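Undergrad:
Number of protein chains: 2
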Amino acid sequence: MRLADSFRSERFGAVRIHELQRVIELDSGTSVGAGSQIVPAEALRAIESQMVIVVPCMNETRTVIEGVLSGIPHDCLIILVSNSDRGPVDRYEIEAQTVEQFCRLAGRSAITVHQKDPGVAAAIKAAGMPEMLDDDGLIRNGKGEAMLLGMALAAMTGRRYIGYVDADNYVPGSVHEYCKVYAAGLHLAGSPYSMVRISWHSKPKLRDNRLFFSRRGRSSQITNEWLNRFLAEYSDFGTEVIATGNAGEHAMTLDLGLKLRLAGGFAVEPYEYMDMFEQFGGVLESTDPDVMASSVPVLQIETRNPHFHDNKGEEHVQGMRMQALNVLYHSPVTLPATRQAILDFMVEQGALEVGQEPPRERTYPPVGTLDLDLLYDALDAEALSFRQPDGQVMAGLPASPPIDRAQIPRRVA
Amino acid sequence: MRLADSFRSERFGAVRIHELQRVIELDSGTSVGAGSQIVPAEALRAIESQMVIVVPCMNETRTVIEGVLSGIPHDCLIILVSNSDRGPVDRYEIEAQTVEQFCRLAGRSAITVHQKDPGVAAAIKAAGMPEMLDDDGLIRNGKGEAMLLGMALAAMTGRRYIGYVDADNYVPGSVHEYCKVYAAGLHLAGSPYSMVRISWHSKPKLRDNRLFFSRRGRSSQITNEWLNRFLAEYSDFGTEVIATGNAGEHAMTLDLGLKLRLAGGFAVEPYEYMDMFEQFGGVLESTDPDVMASSVPVLQIETRNPHFHDNKGEEHVQGMRMQALNVLYHSPVTLPATRQAILDFMVEQGALEVGQEPPRERTYPPVGTLDLDLLYDALDAEALSFRQPDGQVMAGLPASPPIDRAQIPRRVA
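In the order they appear, the protein sequences are chains V and X. When you line the first sequence up against my numbering, it's residues 20 to 432, in that order. When you line the second sequence up against my numbering, it's residues 20 to 432, in that order.
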């Protein structure tokens, strides 16, 4: 893979946000040379063999899921976290079968789990995060919660990297590019605490029975603008460096991921930025001298493929936008002027009455605080939806289970 | 890349048409194993470094062309054959600049040429194919003509494989998959006379402001049905083996390509089948004992990505459909019963009056009959649109021109 050079970055404490870089070639072959950043296939492979791809999934069709799976490089481990309907038609069973069949065909292994499985809730509670449970004693709904669950499973595998790919994607080739971009970015970042966030090239939308390739999502524009204002308020220099505030597609080292406090719902993606600013920004006292002595590079990469998915409608977008502003408003590192400007904007948008405060988004302790041994044992014993299809075993070859009970890493936080 | 096994094939003389195979994984990584066909990255690379990708282009936007180029693996050589408007806005100049800029960024070389360049016409005529010129003394319009020109240029490079990718493609990842499928198929086919034809997974279409993922093109259905009837008339067994009669996306060894007589316009793709049946089907006496002693495998591969391009309208489709039937009708190896059935069908479709014959499509001698030395010298001297941008030279590195005048292969046919 060949990326354009990134010349500029903005620093906020230990966090170093790199300007958006474009993908020049999906496959840079055997080329060497200057002027752009080449990540050879072997370097990509080295990262992929240590990478977990978590696919949050809600009510997607079999064909779409199959396509997404086919795009994930073989050496990555797939973890599907579903919150699909389990009514008269149990969509999770269809999804789990789809993953299993794919594993058989491709000779690979995977993990699948359902977010509302009572056994999963019991396991998460036992492992030390009762905050994730709702009044019914089940894991809360929400994308952030699915991502957290996926990260906990990823941590048990002992792999070093985690990437997220939404299941509602019509273009397997773009899934493929996302994974390659994660590997390329993590390779180039060169820090144990790195993050790669994707900005898609364009998003095809239907307008008057024609396709229009929109460059920026409605929600992303607002989120990015306010994250950049947050930075500018500190530096006194206007900036547009953040282009990936709402990036659903992103990856990071698990060393970083396990330290992050994830937010619930759609607040999860912008809150990753805010939590890095809070923990590693140097404004509040850091509890983590290791990270502060290192650095936290955030690479932002613009893919070549359009992001082509189902249209979830306006309500979804408005929700995402306001959740980003809520976390920004309530962050202890957001300066008063930015907070006031957010209030004014939300009132102006009709999202808030004068005198009201934005609601607080739910946030969770770092996944690194979970007791992974307990988590695994409880999942194994109680979570009926917890599956580990192994295509090697199905083909009569030696087992290659994604999680080795004897090798689960100790808690890190 | 991992492909599903192909168990069945149908033979017609030396031509062996393999049943459609699906892509299981775009990237099969370091895996080994049975049950499916794995082509490792190094094997793909070996083919790519000997492959030319010809991109026929007509009035596409810069962004779309850039995307297509970015999806073509680095080690493939790009040849853009344009028939774009050169009016007050010279679209070819924009295209050539786009290719040049891409070559500079990616450190690779390419060839571009315009189909209506008088210098190109003069060169083709000098090289021995005056049939390609129209009454104005220019190369005829038509996709087949662009493909032929691309193949002649490819032959001059001394590379061993040629693949075609249409420029009107919105998904760089699908271009990438096409090229990888070409390489995988040509690797697996294992004959110096091989062809790989692509059947795309689906084609997104707009219907009532919604997207519908159509599985089969309207024109392809008809073409495939009649090609299969052609085969069945010989074997007395109905068959559905041919699924790629109109495949615009296809690749072959140049050893095969240089022997084929290409048809003009949109007849080119179905006529490749018919010409193989005529030359290597064992019905007519073959002039080529080499090929007959070998075999001509045709691999048909279903990609994972949707084929997502601009809608060219109904007229285009009807034209393609009838051109396929014209070549089938007039082929000396089509049996009388099939010919009669084609006539009846065309009359029924309103494409023909009772008592009329279908028109003959134009066909050309094999590209292997061209004098490539003469062709190169004339292009170099007279064709103003003939460019060979070299990203290596632009970066101050040693030149890597696509064509080495001293190494142009001798004519083969």
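Built from N, CA and C at the ideal position, the CB exists for glycine as well. This structure is a prediction, so every number in the text was calculated from the model and none was measured.
Hey, which unbroken runs of the beta strand (DSSP E) at 3 residues or more fall wholly within the region 135 to 217 of chain X?
TA: 180 to 183
Undergrad: Is it buried or exposed for residue 394/V, if we count other Cβ within 10 angstroms and need 16 for buried?
TA: buried
Undergrad: Do the CB positions of residue 63/V and residue 208/V come within less than 8 Å of each other?
TA: no
Undergrad: Assuming residue 24/X and residue 187/X form a contact by the criterion Cβ under 8 Å, report the distance between their Cβ atoms to the nearest whole angstrom.
TA: The Cβ separation is near 33 Å, so there is no contact.
Undergrad: Give a yes or no on contact between the region 166 to 177 of chain X and the region 230 to 239 of chain X, applying the rule of three or more CB pairs nearer than 8 Å.
TA: no
Undergrad: Buried or exposed: where does residue 224/X fall if 16 or more other Cβ atoms within 10 Å of its Cβ makes it buried?
TA: exposed
Undergrad: Can you check DSSP and say which residues form a bridge with residue 318/V?
TA: 215/V
Undergrad: Against chain V, which members of the region 180 to 212 of chain X pass a CB distance test of less than 7 Å?
TA: 189, 190, 191, 192, 193, 195 and 196
Undergrad: Quick one, are the C-beta atoms of residue 117/V and residue 212/V less than 8 Å apart?
TA: no
Undergrad: Please report whether the beta-carbon of residue 118/X lies at a distance below 8 Å from any beta-carbon of chain V.
TA: no
Undergrad: Going along the chain, which residues of its own chain have a beta-carbon closer than 6 Å to the beta-carbon of residue 178/V, five neighbours each way excluded?
TA: Sequence-distant Cβ neighbours of residue 178/V in its own chain, meaning closer than 6 Å and more than five residues away, are 69 and 71.
Undergrad: Using the Cα positions of residue 380/X and residue 48/V, report the straight-line distance between them to the nearest angstrom.
TA: Straight-line Cα distance between these residues: approximately 40 Å.
Undergrad: Compute the Euclidean distance between the alpha carbons of residue 201/X and residue 278/X, then round it to the nearest angstrom.
TA: 19 Å
Undergrad: Does the beta carbon of residue 217/V sit closer than 8 Å to a beta carbon anywhere in chain X?
TA: no
Undergrad: Among all the DSSP beta bridges, which residues are the ones paired with residue 76/V?
TA: 101/V
Undergrad: What is the rounded straight-line gap between the Cα of residue 363/V and the Cα of residue 294/V?
TA: 24 Å
Undergrad: So what does DSSP say about residue 364/V, is it helix, strand or coil?
TA: helix
Undergrad: From what residue to what residue does the beta strand (DSSP E) around residue 394/V run?
TA: Taken as a continuous stretch (DSSP letters only), residue 394/V belongs to no beta strand (DSSP E), being part of the alpha helix (DSSP H) at 391 to 401.
Undergrad: Is residue 257/X close to chain V, meaning its C-beta is less than 8 Å from at least one C-beta of that chain?
TA: no
Undergrad: Please list the partners that residue 325/V has in chain X, where partner means a Cβ-to-Cβ separation under 7 Å.
TA: 189 and 190
Undergrad: Quick check: residue 42/V and residue 322/V, are their CB atoms within less than 8 Å of each other?
TA: yes
Undergrad: Using a Cβ cut-off of 7 Å, pull out every chain V residue sitting near residue 21/X, in sequence order please.
TA: 125
Undergrad: Taking the C-alpha atoms as reference points, what is the distance between residue 426/V and residue 59/V?
TA: 30 Å
Undergrad: Residue 241/X lies in the beta strand (DSSP E); which residues open and close that run?
TA: No beta strand (DSSP E) contains residue 241/X, which is instead part of the alpha helix (DSSP H) from 237 to 254.
Undergrad: Drop a sphere of 10 angstroms on the beta-carbon of residue 176/X, count the other beta-carbons inside from all chains shown, and report buried for 16 or more, exposed for fewer.
TA: buried
Undergrad: Within 8 Å, do at least three Cβ pairs link the region 130 to 141 of chain V to the region 100 to 108 of chain V?
TA: yes
Undergrad: With a CB to CB cut of under 7 Å and the five nearest residues on each side skipped, what residues in its chain are close to residue 66/X?
TA: Only 180, 202, 205 and 206 meet the Cβ criterion.
Undergrad: Can you check which of these residues, 26/X, 88/X, 32/X and 45/X, is closest to residue 38/X by C-alpha distance?
TA: 26/X
Undergrad: Hey, out of 313/V, 221/V, 88/V and 210/V, whose CA is closest to residue 195/V's CA?
TA: 88/V
Undergrad: Counting C-beta neighbours from all protein chains within 10 Å, is the total for residue 231/X 16 or more, i.e. buried, or is it exposed?
TA: Looking at its Cβ environment, which holds fewer than 16 other Cβ atoms inside 10 Å, residue 231/X is exposed.
Undergrad: Which residue marks the beginning of the beta strand (DSSP E) containing residue 88/V, and which one marks its end?
TA: No beta strand (DSSP E) holds residue 88/V; the alpha helix (DSSP H) holding it covers 81 to 90.
Undergrad: Compare the Cα-Cα distances from residue 353/X to each of 249/X, 28/X, 421/X and 111/X and report the closest residue.
TA: It is 249/X.
Undergrad: Could you give the distance in angstroms between the alpha-carbon of residue 126/V and the alpha-carbon of residue 40/X?
TA: Straight-line measurement puts the Cα of residue 40/X at about 17 Å from the Cα of residue 126/V.
Undergrad: In terms of DSSP beta bridges, what is residue 280/X paired with?
TA: The partner list for residue 280/X (beta bridge, DSSP) is empty, contrary to what the question assumes.
Undergrad: For residue 92/X, decide whether its Cβ has a neighbour in chain V, counting only Cβ atoms nearer than 8 Å.
TA: yes
Undergrad: For residue 99/V, which residues in chain X fall below 7 Å Cβ to Cβ?
TA: The contacting residues do not exist; residue 99/V stays about 16 Å from chain X at best.
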